[in-house]
Each structure stands twice: as C-alpha cells, then as structure tokens.
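Engineer: Chains as they are written, first to last, in the numbering used here: chain A, 1 to 213; chain B, 214 to 426; chain C, 427 to 639; chain D, 640 to 852.
The beta carbon of each residue, even a glycine, is placed where N, CA and C say it ideally should be.
For clarity, every value in this text was computed on a predicted model and none was experimentally measured.
Following this message is one structure expressed as structure tokens.
4 protein chains.
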Amino acid sequence: MISNEEVKERRKARQINQKDRILQAGEKIFARKGFHLATLEEIARDADLAKGTIYLHFLNKADLFVSVIEKKLNILLKKIKEVVREEGPPVEKIRKVTEIHLRFLEQNKNFFKILHSLPGEHKREMEKELTERVIKKNASYLGIIQKLIEEGIKRKEIKPLNPRKLAVILVGMVHSLTINWISCNEKYSLSEDHNLAWEIFWKGARLDSFNKR
Amino acid sequence: MISNEEVKERRKARQINQKDRILQAGEKIFARKGFHLATLEEIARDADLAKGTIYLHFLNKADLFVSVIEKKLNILLKKIKEVVREEGPPVEKIRKVTEIHLRFLEQNKNFFKILHSLPGEHKREMEKELTERVIKKNASYLGIIQKLIEEGIKRKEIKPLNPRKLAVILVGMVHSLTINWISCNEKYSLSEDHNLAWEIFWKGARLDSFNKR
Amino acid sequence: MISNEEVKERRKARQINQKDRILQAGEKIFARKGFHLATLEEIARDADLAKGTIYLHFLNKADLFVSVIEKKLNILLKKIKEVVREEGPPVEKIRKVTEIHLRFLEQNKNFFKILHSLPGEHKREMEKELTERVIKKNASYLGIIQKLIEEGIKRKEIKPLNPRKLAVILVGMVHSLTINWISCNEKYSLSEDHNLAWEIFWKGARLDSFNKR
Amino acid sequence: MISNEEVKERRKARQINQKDRILQAGEKIFARKGFHLATLEEIARDADLAKGTIYLHFLNKADLFVSVIEKKLNILLKKIKEVVREEGPPVEKIRKVTEIHLRFLEQNKNFFKILHSLPGEHKREMEKELTERVIKKNASYLGIIQKLIEEGIKRKEIKPLNPRKLAVILVGMVHSLTINWISCNEKYSLSEDHNLAWEIFWKGARLDSFNKR
DNA sequence: AATGAATGAGTCTTCATTCAT
DNA sequence: GATGAATGAAGACTCATTCAT
C-alpha cells in the first residue's frame, strides 16, 4: 500500500527528472542549432515529451535557454568558489581555477558552445532581461579571477598591471583553447592544455623579482 | 555626348556602389541584431534600396551575411600579409600583427561583433558551405600567426611549445580584450591594450635564454 | 454511526454542491471574459476544484457554458410562469412579467452578459446542438409574451398588430435598457426603468378605444 | 505605352480593391463564426489571397475586425447625419433615421451580426483600445437619436422623459426586430417593420396634448 | 535594372481534454 | 471520486524569397 505522501514525492521526483531531461535536451539542441534555429518541437522530441510539457516548467523558449545556461554556470561557479575558499597563495588558486575551468569545459562542450554564442544570440527586447541575468552571472566568474589577481599584485607576486584586463586575458586564453579543441573534433585532452595556458600566463604576468619556481 | 563605353562604366560603378551600400548596411544591422533578428527589409531600408535589389547582388540572406564578413576579413588579411612580407625577425612581426589586429578591431567593432557571433549563428543545412568559407578564411589568419611562431621557435626565440596552440592563445587574448573593450562601451583605446597583450604573451612565450630586451 | 443511506446522500449533497460551485464560477468567469477567453483552469480555480473535476459534471466547456445559461433561464422562466398562471387581465400580466424580467436582470447581470453574448459566441459545428437548446429555451420566453399579447388582442385591449413582433419589441426594449444600465456601471436602479418601458409600450400598443387608465 | 504614373495608379487601385476584398471576407467570416472562431486563414482564402497579405493592410486580426465594423458604421452614420442635417421637425427626423437604420441592417445583416456580438466578444487586454474606438463610434449613433429626442421634448412634441433612455428604447426595438428577422431566415422585408416600430414608439412617446396626426 | 506587393512555410504558444494515480 | 500532469491540435504572425511590372 502506497501512502499519499509517497505518491506526492514520487510525482515530484518524476517532475524534477522531467525538468532535467528538458534542460539536457535544451543544452544539446541549443548547442547544435543556436537559440533561433532550435525549435521547442525538437527539444521536446529529444526529451521524449510533448511540446506543451515544456511550458509546465519554463515560461517560454528564452526562459528555457537561460535556464540551461544558468544551471551549468551555477555548477561551475560552485566548484570555483570552493577553490577560492581554500587556504593558499592566490596565484596557486588562479592556477587551480583555470584547471577546473578547462576540465569543466571539456566535460560540457555543449554548454560552452551556447555560452560562447550568447553575445551573438541577440534577443527580442522583451527577452533581454533574461539574458541580462546570465551575462551578470557569467561576469561574476571574471570578477573572481580579478580579485585573485588583485591579491597576487598586493602580495608582489604578480606585476602591477590592470587586474581586470589580466583576468580578461586569462579567460580569453582558456576560451580560445576550448574553441580550438572543439574545432579539432576534441581529438586531444583539453584539460592538458591547462599547463600551456598557465605557463604563458604565469611567466608573462609574474613579477620578475618574485622567486621563480 | 556620352559614349557607350562610358554608360556601361557608370552603370557598373553604380552597381558597385550599390553592392557596397548593401554590405555596409548589412554590417551595421547584423552587428546590431544578429543574423536571425536582422531583416532584409531593414537592411534594404538602411541601404536606401528596395528589398528585391539585394537579390541582384547576393544569393540570399546567408550569402549577404557571409559576404559582409569576408569583405572585412579580406581587408584585415591583406594588411597582415603586408607585415609578414616585410624584412625582420618573426617575433617582431608577431608583435606588429597583433597591433594591427587590435587597431583593426577597434575601428571595426561592428565587424567584430558579427565575427564573434558566427559560431552561434548556425545556419540551415544548405547554408553551411557558406559558413565554411568564412571559417576557413578566419583560420588562415591563425595559420599566419602559427607560421611566424614556428619560425620564432626555429630561431630559438620562442619556446618549443605547440605553435598552433600558442597562436590560439595569442588570438584568444586579443579577442577577449576586444570583448572587454566593447562591454565597457569602448571607453578607452583598444589599441593601447596591445602593449599589455604583448607583454604577457612575449614574456610568457620567449625562450628564457633569449636575449631579454 | 452513519447509515449507508446517509453516506450516499452526503456524497450526493457534496456533488450537487460541487456542481453548483462550478456553475457559479462559470457564470462569473464567462461573464467577465466571454466563452473563448474564459479558461477551465480559471473556472476550476474560482470553484476551488481541480480542472478534471469539471468533466465529472459536464461534457465539456460548451456544455458548462450552456448549463450556466440554462440554470438561470429556468429560474427566470419559473418565476414568469407563476405570474402567467395567476388570475387577471393579460395586459396586467405582461406588465408584471416585464417587471420581473427587469428585476431579474438587475440581480443577475452576469447572466445577462452571457446571454447577450450568445449569438456572437459561435461554437464549433459539433456544439451547435447545445446552443440550440438554449436558444429554444430563450425563445420560449418570447412565446409566453406573445401568447399574452394574443390574448390582449382578442380581448380588444391591444391593437391587432403582429403579436410576435410586439413581443419582440417589448423584449428588445427591456434588453436595451439593461445594456444601457450596465454600460452606465449600474449607477441607477434598473427595475425602476420598468415604468418607462411600460409607459412606451402600453401607450403605443393599446387599442385607442380601450378604456385609458 | 504606359506611363510611370499610370502604373502607380493601377497598383494603388488594385490595392484598394484588395483591401476591400479582405474587409468583405472579414465581414462574412466574422459574422459567421465570431471573432475567436474566425481564422485569418479562412478569411484570406475567402478573399482569394495569402494569409500574409492581410498583414499588408491590417495590423492584426483585431485591427481587421474593428476595421470591418468601422467601415460599415461610417457608412451608416454618414447616411444618418445627412437626414439630421435636413430641414424639418425632429420627430420626423427620428422616424426617417429609424427607417434608414432598419433598411441598412436589412442590407447588411452580416455587419449587424458582428455589431451585436461586439459586447460579448471580449478581447485580450491589448486589443481593448481597438474595441473602445468602435464602441464610441457606435455610441455616437445613440447620441444622435438622443439629441433629436431632446429637441422634440423642447418643442413639446415628445413627453419630458429621460431622452437618453428613450433613445435606448428606440434602438433596442430596432435591434430586436432585426434579430427576429434574422432568426426567421429573413423571410419578410425588415424595413417594413419600420412602421410597426414607429407606431409603438411614437404613440408611446408623444406628448398626449400634441396635435395627433 | 529596380521595385515592392504577394506569398506561405515555419514556430511559438495556449488550453481543452484525457487519464494514471 | 478527485486530481492535475501531460498532451497535441490549432492558429496568429513574421519574413525570406519570388516575380510581375
């Protein structure tokens, strides 16, 4: 005999599962076709659901799109914030964050494709606020790197250059390597590129007087 | 009295002029709205032409889009190839190329916006070959940098790292700085960032034993 | 201890109560939004029930719509038939019926709004029979007035004009006054208009030779 | 040889013709199905045009709907205003206006069906302003009758009753007769009913002391 | 050559209805 | 009985593309 409570819990579990399936299908299709060419029809089919069901979980196409990104971005940010909270010198943290970032992109290339297409995927006026939300969240990642760099500069480990731009450069390197990896059909391990990126950035940005390892 | 020759030439001139106006309007509108949200109606209006006229010069919307990019890319590539043909050490050429690249992006931010949106602007199957064309041309820029780096490595000026990836990293830095510049509403001179990018890249990539300036 | 009988009765009572709540909610929402813009979702919410429950009592949306009207129409017809059964001259009965009609509309403006929208709320082919039902019932009201007028003519109290059309005219006056009352935001007492309607109709329709009051 | 001017004029003429065909198709289909059940697809088919063409002439479905009504209403109002401008006693004008009104409805029953369904055809919030426009125009007809009645009262030809409500009653009679005529499948001449309506209204509303004709 | 009116395929979104629980 | 999650049919609207003038 199944209690009423249990029934409700099962339903809820199924729903969460369903929402997740939609998000996954969304990630896949949006990555493959971009926002405009992806159709809810196709996403629903991929999630093995009816079109209308998507609207039980999301306001509209744009909301689904943003939710797909936000979900992944939250996971990445959580991982990164964990590293930042650890003890240790900021430079080491930056290295670790870069490593995590690349590993995450390697495992979530669909997400990366969507994220990278974000600025190009112009939205209709009414959908802008949604995009805004994601762009802010994305920017917060840059802010974390920037803070670590500022600390590194304070500790005389990093050259006193514009910390914002140094962060921009580091992230740019990571993204560019990811694009290259994807355009090579992921024939090598992206996270291994971490050493290369770090070599260039660290040798380039460290304060020359700082004790070289 | 106007000769037959002259009439033909004038016509041709007008047509070229017309085509150029469409390309310029396309650059503007595509940059503002992205591929899918830009309408031929609006582009035609901006070019002060009728919608149908666009089809006298371009196959379709995608062709116009790609042509807008190609035209600019050709200009950039021409400038860069000039530098490459000059005498001098490859490292210096790389520096110059980077400088030219940033200056070009500063003066053509519309173009950059479109270029950056390219991976996201997926096309329908039949239009893929068009996009291919641009991606190849864009890649040829990367190839130039790569060759210069290979030479630098041969001359023991640059560390014997993967030249392709070093090129990727350098271009990634440039793009990332450009994105940052645009997201700051272009409040500073982008070409000044050239020094920063070069500082990081060069300090990071030069062979330590190489004579430091 | 509750008897089996009692349990059944309670259930039935609850059901009737439920059905009535749906009818009331329907009256409210249909009046506010019209047939097409009213949603079963909203009606269910207003009746504090689940959407599916409506289908335990009604065939479909159209059936509910028609039932809402029929229920009210039955109440009105019952009241009117009572008056008709009374002793007295037909002309006096007509006056009373008109009075009751206006008072009823005053107290049931939701219903009136729905009724008046009926001709405009065209149904899909398969739902026509439902609408037929209501239209017939509505017509039966007209028939009652007509019969009274016929009698009045026979008794030489009313001019020997087309009794059907006289009935149509009288009902038209009543409806028109009601529309006016609603469009004035019900700022006055509608049933007071009864005197005016009667004055015009009676003075206009009475046989001149008939003893003037 | 056809001049450029001529080409333009022909085009314009064709367009006006086209717009009119859409309006006529709209009148027909809206009358048959009501606002919500009428589809642009069907209207376009009936006008022998493609769906998209409707949008070259009207903003959207609601705009077409309102335009259908407005067009007819303008014609009716024009006719009525002509009568009002004539010389003569107000009572006679009212009689004439009523006659014109009935004749117009007889010849435009589609229009009448739409007009009568108007209050029931609730619109979405954004479409309300459109409906507003029509309701006002429709009300202006009532205003004209009201003014004539006021004059009649001043001239001691009509009883000093509420002129607004007298107008409401007269219009209600006319509408009700029209509904009856339609529900009888238009088997008789509606404009003949004019005499009946006038008989009732005039005998009912005239000041008893006024010289009886 | 140049135009822009006409087209109709394509897609988001809503909501009555069903049915497993 | 009662629920409300899931469905999918239906329709307004947009816009690239065509073609008569």
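Please list the terminal residues of the continuous alpha helix (DSSP H) segment that includes D/ARG763.
Structural biologist: The residue given as residue 763 of chain D occupies position 124 in the fourth sequence. Segment: none, D/ARG763 is in no alpha helix (DSSP H) and carries neither H nor E.
Engineer: If you run the structure through DSSP and keep just helix, strand and coil, what is A/ARG216?
Structural biologist: The displayed coordinates of chain A run from 1 to 213. Any statement about residue 216 of chain A would go beyond what the structure contains.
Engineer: Does the segment 99-107 of chain A come close enough to the segment 174-185 of chain A to have 3 or more Cβ pairs within less than 8 Å?
Structural biologist: Yes, since at least three Cβ pairs between the segment 99-107 of chain A and the segment 174-185 of chain A fall closer than 8 Å, the two stretches touch.
Engineer: Would the beta-carbon of C/GLU467 fall within 8 Å of that of C/LYS459?
Structural biologist: Mapped onto the third sequence, residue 467 of chain C falls at position 41. Mapped onto the third sequence, residue 459 of chain C falls at position 33. Their beta carbons are not under 8 Å apart, which means C/GLU467 does not touch C/LYS459 by this criterion.
Engineer: Does any CB atom of chain A fall closer than 8 Å to the CB of B/LYS416?
Structural biologist: Stepping through the second sequence from its first residue, residue 416 of chain B is reached at position 203. Judged by the 8 Å Cβ criterion, B/LYS416 is in contact with chain A.
Engineer: In three-state terms, what does DSSP make of C/ARG590?
Structural biologist: The residue labelled residue 590 of chain C in the question sits at position 164 within the third sequence. In the structure shown, C/ARG590 sits in a helix (DSSP, three-state: H, G or I).
Engineer: Who are the near neighbours of B/LEU289 in its chain, counting only those whose CB is closer than 6 Å to its CB and skipping five residues on each side?
Structural biologist: For the purposes of this step, residue 289 of chain B is taken as the residue at position 76 of the second sequence. Excluding sequence neighbours, B/LEU289 sits near PHE317.
Engineer: Relative to the C-alpha of C/GLY569, which candidate in C/VAL560, C/PRO589 and C/ASN443 has its C-alpha closest?
Structural biologist: For the purposes of this step, residue 569 of chain C is identified with residue 143 of the third sequence, where counting begins at 1. When only C-alpha atoms are compared, the closest one is C/PRO589.
Engineer: Does the contact criterion of 3 or more C-beta pairs under 8 Å hold for the segment 577-586 of chain C versus the segment 514-528 of chain C?
Structural biologist: Taking 8 Å as the limit for Cβ pairs, the verdict is that the segment 514-528 of chain C does touch the segment 577-586 of chain C.
Engineer: Which residues in the same chain as A/ILE100 place their Cβ atom closer than 7 Å to its Cβ, once the five residues preceding and following it in sequence are excluded?
Structural biologist: Residue numbering aside, residue 100 of chain A sits at position 100 when the first sequence is read from its first letter. Here the set comprises LYS79, ILE80 and VAL83.
Engineer: Are three or more beta carbon pairs between the segment 554-567 of chain C and the segment 483-498 of chain C nearer than 8 Å?
Structural biologist: Touching, yes.
Engineer: Given a cut-off of 8 Å on the beta-carbon distance, is the pair D/THR737 and D/TRP820 in contact?
Structural biologist: Indexing the fourth sequence from 1 puts residue 737 of chain D at position 98. Indexing the fourth sequence from 1 puts residue 820 of chain D at position 181. It is not a contact, given that the beta carbons lie outside the stated cut-off.
Engineer: Going by other Cβ atoms of all chains shown within 10 Å of its Cβ, with 16 needed for buried, is D/ARG763 buried or exposed?
Structural biologist: Counted from its first residue, the fourth sequence places residue 763 of chain D at position 124. Exposed, since its Cβ has fewer than 16 Cβ neighbours within 10 Å.
Engineer: Does any residue of chain D bring its CB to less than 8 Å from the CB of C/ILE595?
Structural biologist: Your numbering for residue 595 of chain C matches position 169 in the third sequence. So yes, C/ILE595 belongs to the interface.
Engineer: Reducing DSSP to helix, strand and coil, say where D/ARG684 ends up.
Structural biologist: Residue numbering aside, residue 684 of chain D sits at position 45 when the fourth sequence is read from its first letter. Note: D/ARG684 maps to helix in three-state DSSP.
Engineer: In or out: D/SER828 buried (at least 16 other Cβ within 10 Å) or exposed?
Structural biologist: Walking along the fourth sequence from the start, residue 828 of chain D turns up at place 189. D/SER828 should be labelled exposed.
Engineer: Measure from the C-beta of D/ILE839 to each C-beta in chain C and report whether the shortest distance is under 8 Å.
Structural biologist: Taking the fourth sequence and counting its residues from 1, the one referred to as residue 839 of chain D is at position 200. Yes, D/ILE839 counts as interfacial toward chain C.
Engineer: How would you list, in chain order, the residues of chain D whose beta-carbon sits under 9 Å from the beta-carbon of C/VAL462?
Structural biologist: For this step, residue 462 of chain C is matched to residue 36 along the third sequence. For the record, residue 462 of chain C in the displayed sequence is His; it is not Val. Correct list: GLY673, PHE674, HIS675, LEU676, GLU760 and HIS761.
Engineer: A/ARG21 and A/ALA47: beta carbons closer than 8 Å?
Structural biologist: Within the first sequence, the letter at position 21 stands for residue 21 of chain A. Within the first sequence, the letter at position 47 stands for residue 47 of chain A. In this structure, A/ALA47 lies closer than 8 Å to A/ARG21 by Cβ.
Engineer: To the nearest angstrom, how far is it from the Cα of A/PHE112 to the Cα of A/LEU118?
Structural biologist: One-based indexing of the first sequence puts residue 112 of chain A at position 112. One-based indexing of the first sequence puts residue 118 of chain A at position 118. Using only the alpha carbons, I get a separation of about 10 Å.
Engineer: Identify, in the order they occur along the chain, each residue of the same chain with its Cβ nearer than 6 Å to the Cβ of C/ARG521, setting aside the five sequence neighbours on each side.
Structural biologist: Along the third sequence, one-based indexing puts residue 521 of chain C at 95. Counting only Cβ-Cβ distances below 6 Å, and skipping sequence neighbours, we find TRP624.
Engineer: Which parts of the segment 718-757 of chain D are runs of the beta strand (DSSP E), unbroken and 3 residues or longer, counting only runs that do not cross its ends?
Structural biologist: For the segment 718-757 of chain D, not a single whole beta strand (DSSP E) run of length 3 or above is found.
Engineer: Determine, for A/ALA197, whether the minimum Cβ-Cβ distance to residues of chain B falls below 8 Å.
Structural biologist: By one-based count along the first sequence, residue 197 of chain A stands at place 197. Cβ-Cβ to chain B under 8 Å: yes for A/ALA197.
Engineer: Near D/ARG845, which residues of its chain fall below 8 Å by C-beta distance, leaving aside the five closest residues on each side in sequence?
Structural biologist: Taking the first residue of the fourth sequence as 1, we reach residue 845 of chain D at position 206. Once the five neighbours on either side are set aside, the close Cβ partners of D/ARG845 are VAL730, GLU796, ILE797, LYS798 and LYS851.
Engineer: Check the C-beta distance from D/ILE808 over to C/ILE626 and give it rounded, since I have them as a contact under 8 Å.
Structural biologist: Residue mapping note: residue 808 of chain D aligns to position 169 of the fourth sequence, counting from 1. Residue mapping note: residue 626 of chain C aligns to position 200 of the third sequence, counting from 1. Going by Cβ atoms, the distance from D/ILE808 to C/ILE626 rounds to 6 Å, so yes, they are a contact pair.
Engineer: Where A/PHE65 and A/LEU115 are concerned, what is the direct C-alpha to C-alpha distance, given to the nearest angstrom?
Structural biologist: The residue you call residue 65 of chain A lines up with position 65 of the first sequence. The residue you call residue 115 of chain A lines up with position 115 of the first sequence. Each residue's Cα considered, the two are about 10 Å apart.
Engineer: Give the residues of chain D in contact with C/ASN588, contact being defined as C-beta atoms less than 8 Å apart.
Structural biologist: Taking the first residue of the third sequence as position 1, residue 588 of chain C is located at position 162. Result: LEU835.
Engineer: Using a beta-carbon distance below 8 Å, is A/LEU102 in contact with chain B?
Structural biologist: Numbered from 1 along the first sequence, position 102 holds the residue referred to as residue 102 of chain A. No, its Cβ sits nowhere closer than 8 Å to a Cβ of chain B.
Engineer: So D/GLY791 contacts chain C; which residues on that side make the cut at Cβ distance below 9 Å?
Structural biologist: Translated into positions along the fourth sequence, residue 791 of chain D becomes position 152. Per Cβ cutoff of 9 Å: no residues; D/GLY791 is ~14 Å from chain C at best.
Engineer: Compare the C-alpha of C/ILE455 against each of D/ALA683, D/ALA701 and D/HIS761 and name the closest.
Structural biologist: Looking up residue 455 of chain C in the third sequence gives position 29. For C/ILE455, the nearest C-alpha among the options comes from D/HIS761.
Engineer: What are the residues in the segment 808-823 of chain D lying within 7 Å of chain C by C-beta distance?
Structural biologist: Taking 7 Å as the Cβ-Cβ cut-off against chain C, the residues of the segment 808-823 of chain D that qualify are ILE808, VAL810, GLY811, MET812, HIS814, SER815, LEU816 and ASN819.
Engineer: Does the beta carbon of A/SER117 sit closer than 8 Å to a beta carbon anywhere in chain B?
Structural biologist: For the purposes of this step, residue 117 of chain A is taken as residue 117 along the first sequence, with counting starting at 1. Answer yes: the Cβ-Cβ gap between A/SER117 and chain B drops below 8 Å somewhere.
Engineer: Using a threshold of 8 Å, state whether the C-beta atoms of D/ALA857 and D/GLU766 are closer than that.
Structural biologist: Nothing in the structure corresponds to residue 857 of chain D, since chain D is present only between 640 and 852.
Engineer: Would C/LYS591 pass as a contact of D/LEU805 if the rule is Cβ separation under 8 Å?
Structural biologist: To locate residue 591 of chain C, count along the third sequence from 1; it is residue 165. To locate residue 805 of chain D, count along the fourth sequence from 1; it is residue 166. No; because the gap between Cβ atoms is not below 8 Å, this pair is not in contact.
Engineer: What residue range does the alpha helix (DSSP H) around A/TYR188 cover?
Structural biologist: What you label residue 188 of chain A is simply residue 188 of the first sequence in a count that begins at 1. Looking at the DSSP string, A/TYR188 is not in any alpha helix (DSSP H), and its letter there is neither H nor E.
Engineer: Starting from the beta carbon of C/ASP472, find every residue of chain D whose beta carbon is closer than 8 Å, and list them in chain order.
Structural biologist: Numbered from 1 along the third sequence, position 46 holds the residue referred to as residue 472 of chain C. Residues of chain D passing the Cβ test: none, with the nearest at roughly 16 Å.
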